[in-house]
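With our numbering as the guide, the letters of the sequence shown map in order to residues 75 to 596. Comments concern the structure below.
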Amino acid sequence: MGLEPFRNEAFLDFNLPEERARTAAAIAEVRGRLGAEYPLRIGGQAVTCHEVFESRDPADPATVVGRVHMASRDQARLAVEAATRAFAPWAHVSPWERAALLLRAGDILRQRRREMLGWVAYEVGKNWTQADGEIAEAIDHFEWNARQLLLWDSGREIPPLQSEINQYRYLPLGVGVVISPWNFPTTLPLGMAVAAVAAGNTVVLKPAEEASVIAQQLFSVFEEAGLPHGVLNLLPGLGPEVGDALVRDPDVQFVAFVGSRKVGTEIHQRAAGLVPKQRQLKRLMTEMGGKNATIVTAAADIPWAVREVVSSVIGYQGQKCSATSRLVLLDEVHDRFLEDLLAEIERVSADLGHAAENHAYGPLINQAALNKVNGYIKQAADWGRVVRIGEPRSPGHFVGPTVVDEVPASAPIAQEEIFGPFLAILRARSLEHAVEMGNSVEYALTGAAFTQDPMELDYIRQHFLVGNLYLNRSSTGAMAGVHPFGGYKLSGTGPKVGSPDYLGFFLQAQAITQKVRFPRSI
Ligand code: NAD
């Protein structure tokens, strides 16, 4: 291909004093820029609106991170029109130039990664290590897709026929919409948008309201890299209004969505219909929630498993689609594991504070998330034995971890995605029973199991049905390329992000046949 092989971006090493000092300086610089105003970005123009949303620091809601102009339905149409105008010229830019632009943008993000970390810490309350993990993955998306687009551009081998030249190649789809959630505010919008643009499409990006300022920083990376106007349009706005208008727009050819199951399934229904002036059915990718289980058997390395499970349950306060929210303990290991687990949860969550100061345990994203978790806490005793209750702390949307033991597999806290620091523990009488409970939800995103017994591992591999299965490690922390990520069942429909298949979602195949030998008539 002529490019060095893909390698995952290395993480920053915060054990080094000079790295800590550099990162702290970048965060201080971001702090000085809080409160700025951000317009929409349509076709290269900065567009202002009547509605302005104040994005606030979840650890200190009195602090405004940025004032973001919120698009209307009419502006959604304007953004689709701008993307439509930009499509043909962009689709004709050679794959090498598209790849070069992505690599340039990846370099810019690499240079700005500490600054980006500061925005992530202030706007969505993610600490240094967690934020750096996702920004490294965001850089990977540029590198990965630059290589993938060159591979896909060379088409596929097909059998030869003597009298013809046959070609099987891939073309971009057209104008697409990318709708992203707030919890991975760099890697998720970029995972979708970079792949879409790499494939030669043009995009309207509708970021989550809560991560609108970070989206503006991402947009500036593309701008600095020289992406032509209109190829990417940034349209912050309310999901039910602007997101909905984009999903229904007749000129939108694909919708790539990551978010909740409720919104994902609604989008699936709405985008499936045909509206006047629509010339094609929309292609859809909906990556949704999870109710992920981790199984621990008596053959596990217990101290290791405890650390990994706790990082999966309360890392980023449980606000990851991949977080473990059900722990299935085999009977013979239950009591010992629970004791160590509670001690580790105590230790990690005691370091509570602002993400910009790199505390291990931070806030929930907003008051609505806190209310939701508190609602489950209030009812927790109805569904099991409450062994730890999460106490709130203000200012900020802080709540400690809650752990409920002896929960039946059918209880709401063992079935519904809570998306916070809330763990339901289920007791299993056998490995078969544990896996059956693991599979007993409508979701199938991630799952993990801890055992060193090869027979048990084999059984789990064969029977535990989730999109990403992790053996002897945490259910969180996927890396582009090496851990292609995505779910089944009501967790998702699309190809896995960071997989060799992913770019195919944003392309359509064409077969071209040219007759080159003409038999003479006798
Ligand atoms: P959400 O579904 O509330 O919002 C996601 C996006 O959809 C936002 O941009 C929002 O504005 C938009 N939206 C809302 N209503 C809409 C509508 N009617 N039409 C079009 N767009 C609309 O999700 P969230 O709270 O931002 O994120 C948390 C959820 O995302 C959790 O369920 C989590 O599991 C899931 N998630 C999944 C993955 C994955 O890879 N499967 C990754 C991260 C998060």
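Cβ coordinates follow ideal geometry from the N, Cα and C atoms, glycine included.
Is Gly63 near the ligand NAD, in the sense that its beta carbon is under 7 Å from a heavy atom of that ligand? Residue coverage of the chain in this structure runs from 75 to 596, which leaves residue 63 outside it and unanswerable.
Selected residue, minimal CA-CA separation from Leu177, among Phe161, Leu416, Asp214, Met144: The residue labelled residue 177 in the question sits at position 103 within the sequence shown. Taking only the C-alpha atoms, the option nearest Leu177 is Asp214.
Decide if His143 is buried, meaning its Cβ has at least 16 other Cβ atoms within 10 Å, or exposed. Taking the first residue of the sequence shown as 1, we reach residue 143 at position 69. Note on His143: 16 or more other CB atoms within 10 angstroms of its CB, so buried under the neighbour-count rule.
Cβ atoms of Val478 and Val460: under 8 Å apart, would you say? Here residue 460 refers to the residue found at position 386 of the sequence shown. Here residue 478 refers to the residue found at position 404 of the sequence shown. Remark: C-beta atoms of Val460 and Val478 approach each other more closely than 8 Å.
From Val287 to Gly109, what distance separates their C-alpha atoms? The residue labelled residue 287 in the question sits at position 213 within the sequence shown. The residue labelled residue 109 in the question sits at position 35 within the sequence shown. So the alpha carbons of these two residues sit roughly 10 Å apart.
Identify, in the order they occur along the chain, each residue of the same chain with its Cβ nearer than 7 Å to the Cβ of Gln588, setting aside the five sequence neighbours on each side. Locating residue 588 in the sequence shown gives position 514, counting from the first residue. Non-local C-beta neighbours of Gln588 in its own chain, meaning closer than 7 Å and more than five positions away in sequence, comprise Glu238, Ile239, ordered along the chain.
Name the residue from Val138, Ala373, Tyr450 whose alpha carbon lies nearest to the alpha carbon of Ser504. As a working mapping, residue 504 is identified with position 430 in the sequence shown. When each option's Cα is compared against that of Ser504, the closest is Ala373.
Trp164: CB within 7 Å of a non-hydrogen atom of the ligand NAD: As a working mapping, residue 164 is identified with position 90 in the sequence shown. No.
My output table needs one value for Phe88: the three-state DSSP class, helix, strand or coil. In the sequence shown, the residue the question calls residue 88 occupies position 14. In the structure shown, the three-state DSSP call for Phe88 is coil.
Whole angstroms is fine: what's the gap from His433's alpha carbon to Ala174's? Residue 433 sits at position 359 when you count from the first residue of the sequence shown. Residue 174 sits at position 100 when you count from the first residue of the sequence shown. Ala174 has its alpha-carbon roughly 38 Å from the corresponding atom of His433.
DSSP state of Phe559 mapped onto helix, strand, coil: In the sequence shown, the residue the question calls residue 559 occupies position 485. Phe559: strand per DSSP, three-state reduction.
Could you check whether the Cβ of Phe559 sits closer than 7 Å to any heavy atom belonging to the ligand NAD? For the purposes of this step, residue 559 is taken as the residue at position 485 of the sequence shown. At least one heavy atom of the ligand NAD lies less than 7 Å from the C-beta of Phe559.
How big is the Cα-Cα spacing for Leu355 and Pro324? Start at 1 with the first residue of the sequence shown, and residue 355 comes out as number 281. Start at 1 with the first residue of the sequence shown, and residue 324 comes out as number 250. In a straight line, the C-alpha of Leu355 is about 9 Å away from that of Pro324.
Between the region 506-522 and the region 364-371, do three or more beta carbon pairs fall short of 8 Å? By the Cβ rule, the region 506-522 counts as touching the region 364-371, because three or more pairs are nearer than 8 Å.
Which residue from Ser548, Gly494, Gly541, Val509 puts its Cα closest to that of Glu530? Numbered from its first residue, the sequence shown carries residue 530 at position 456. Just measuring C-alpha positions, the residue of Ser548, Gly494, Gly541, Val509 sitting nearest Glu530 is Val509.
Using C-beta distances below 6 Å, list every residue in its chain close to Arg357, excluding the 5 sequence neighbours before and after it, in chain order. The residue labelled residue 357 in the question sits at position 283 within the sequence shown. Within the same chain, Cβ atoms closer than 6 Å to the Cβ of Arg357 are found at Phe328, the five residues on either side in sequence being excluded.
Using the beta-carbon count (16 or more within 10 Å), is Ile586 buried or exposed? As a working mapping, residue 586 is identified with position 512 in the sequence shown. It counts as exposed.
Closest by CA to Arg115, which one among Asn89, Pro91, Ala157, Phe85? The count along the sequence shown starts at 1 and reaches residue 115 at position 41. Nearest of Asn89, Pro91, Ala157, Phe85 to Arg115, Cα basis: Ala157.
With 16 other Cβ atoms within 10 Å as the buried cut-off, status of Glu92: Position 18 of the sequence shown, counted from the first residue, corresponds to residue 92. Taking all protein chains in view, the Cβ of Glu92 is surrounded by fewer than 16 other Cβ atoms within 10 Å, so the residue is classified as exposed.
Nearest by alpha-carbon distance to Ala136: which of Asn440, Phe580, Pro466, Trp457 is it? As a position in the sequence shown, residue 136 is number 62, starting the count at 1. Nearest C-alpha to Ala136: Asn440.
Okay, do the region 223-230 and the region 306-313 touch, 3+ Cβ pairs below 8 Å being the bar? The region 223-230, when compared against the region 306-313, does not touch it at the 8 Å Cβ threshold.
Kindly examine the ligand NAD and report whether one of its heavy atoms sits closer than 7 Å to the Cβ of Gly317. Working through the sequence shown from its first residue, we reach residue 317 at position 243. With a threshold of 7 Å, the Cβ atom of Gly317 counts as near the ligand NAD, since some heavy atom of the ligand is closer than that.
Counting Cβ pairs closer than 8 Å, one from the region 329-343 and one from the region 558-568, do we hit at least three? The way I'd put it, the region 329-343 does touch the region 558-568; three or more beta-carbon pairs between them come closer than 8 Å.
Status (buried if at least 16 other CB within 10 Å, exposed otherwise) for Lys200: The sequence position of residue 200 within the sequence shown is 126, counting from 1. Lys200 should be labelled buried.
Just curious, the beta strand (DSSP E) that Val481 is in, first and last residue? Reading the sequence shown from its first residue, position 407 is the one you call residue 481. No residue range can be given for Val481, since it is assigned to no beta strand (DSSP E) and is classified by DSSP as neither H nor E.
Mind checking Pro569: buried by the 16 CB within 10 Å criterion, or exposed? By one-based count along the sequence shown, residue 569 stands at place 495. By the neighbour-count rule (16 or more Cβ atoms within 10 Å), Pro569 is buried.
Tell me whether the beta-carbon of Arg344 lies closer than 8 Å to the beta-carbon of Asp318. Here residue 344 refers to the residue found at position 270 of the sequence shown. Here residue 318 refers to the residue found at position 244 of the sequence shown. Contact: yes.
Between which two residues does the alpha helix (DSSP H) harbouring Thr122 extend? Start at 1 with the first residue of the sequence shown, and residue 122 comes out as number 48. Per DSSP, Thr122 belongs to no alpha helix (DSSP H) and is neither H nor E.
Which of the three DSSP states, helix, strand or coil, is assigned to Gly389? Position 315 of the sequence shown holds residue 389. Residue state, collapsed to three classes: helix.
Could you check the C-alpha separation between Trp218 and Ala346 for me, to the nearest Å? For the purposes of this step, residue 218 is taken as the residue at position 144 of the sequence shown. For the purposes of this step, residue 346 is taken as the residue at position 272 of the sequence shown. For Trp218 and Ala346, the distance between alpha carbons rounds to 30 Å.
Touching by the beta-carbon criterion (3+ pairs, under 8 Å), the region 82-101 and the region 264-275: The region 82-101 makes no contact with the region 264-275: fewer than 3 CB pairs, one atom from each, lie closer than 8 Å.
N- and C-terminal bounds of the alpha helix (DSSP H) containing Leu176: Locating residue 176 in the sequence shown gives position 102, counting from the first residue. Looking at the DSSP string, the run of the alpha helix (DSSP H) that includes Leu176 is 169-185.
Would you kindly work out how many angstroms separate the C-alpha atoms of His303 and Phe296, rounded to a whole number? What you label residue 303 is simply residue 229 of the sequence shown in a count that begins at 1. What you label residue 296 is simply residue 222 of the sequence shown in a count that begins at 1. If you take the alpha carbons of His303 and Phe296, they lie about 10 Å apart.
Report the start-end ranges of each alpha helix (DSSP H) in the region 307-338 that is 4 residues or longer and not cut off at the edges. Here the runs fully enclosed are 318-322.
Rounded straight-line distance, which links the Cα of Trp256 to that of Glu283: Residue mapping note: residue 283 aligns to position 209 of the sequence shown, counting from 1. Residue mapping note: residue 256 aligns to position 182 of the sequence shown, counting from 1. For Glu283 and Trp256, the gap between their C-alpha atoms comes out near 7 Å.
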